[in-house]
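Visitor: Sequential numbering of the sequence shown, starting at 1, is according to the UniProt record's numbering. Right, I'll just put the structure down here and ask away after.
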Amino acid sequence: MPLAEVVGSTAAIGYGLAAIGPGIGVGLVFSAYIQSTARQPESSRLTLPYVWIGFAVVEALALLGIAFGFVWAK
């Protein structure tokens with residue numbers, strides 16, 4: 001007799017665990033921008049496009065994670 005049984009789609013559990021990585025990644029991107037702006041305020045307008053590119057890449061990986069969860073779901 002099993003101790004615990006998982007009923008339903010495990011893709012939701014997998015994506016929930018996979019969403020931790022992009023959440024940490026977005027936090028790191030914006031924290032690096034805040035630190036660089038605090039150190040050198042005149043470069044804030046120069047580095048802002050790189051922040052949005054980094055944010056987009058991290059979020060694209062999160063969207064790929066949810067897409068693969070649906071593709072590989074049984």
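All C-beta atoms in this analysis are idealised placements derived from N, C-alpha and C, irrespective of residue type, glycine included.
1) On the DSSP letters alone, give me the boundaries of the alpha helix (DSSP H) that L61 sits inside.
2) Residue range of the alpha helix (DSSP H) that A32 falls in?
3) Near A18, which residues of its chain fall below 6 Å by C-beta distance, leaving aside the five closest residues on each side in sequence?
4) Roughly how many angstroms lie between the CA atoms of E42 and I13, to the nearest whole one?
5) Who are the Cβ neighbours of V29 in its own chain at under 8 Å, not counting the five residues just before and after it?
Guide: Answer, in terms of the structure:
1) Counting from one through the sequence shown, the residue named residue 61 turns up at place 61. Here the alpha helix (DSSP H) through L61 covers 44–71.
2) Along the sequence shown, read from residue 1 onward, the residue named residue 32 stands at position 32. Its alpha helix (DSSP H) spans residues 20–39.
3) Residue 18 sits at position 18 when you count from the first residue of the sequence shown. Closer than 6 Å at Cβ, skipping near neighbours: G65.
4) As a working mapping, residue 42 is identified with position 42 in the sequence shown. As a working mapping, residue 13 is identified with position 13 in the sequence shown. C-alpha separation (whole angstroms): 44 Å.
5) Numbered from its first residue, the sequence shown carries residue 29 at position 29. Here the set comprises V51, G54, F55, V58.
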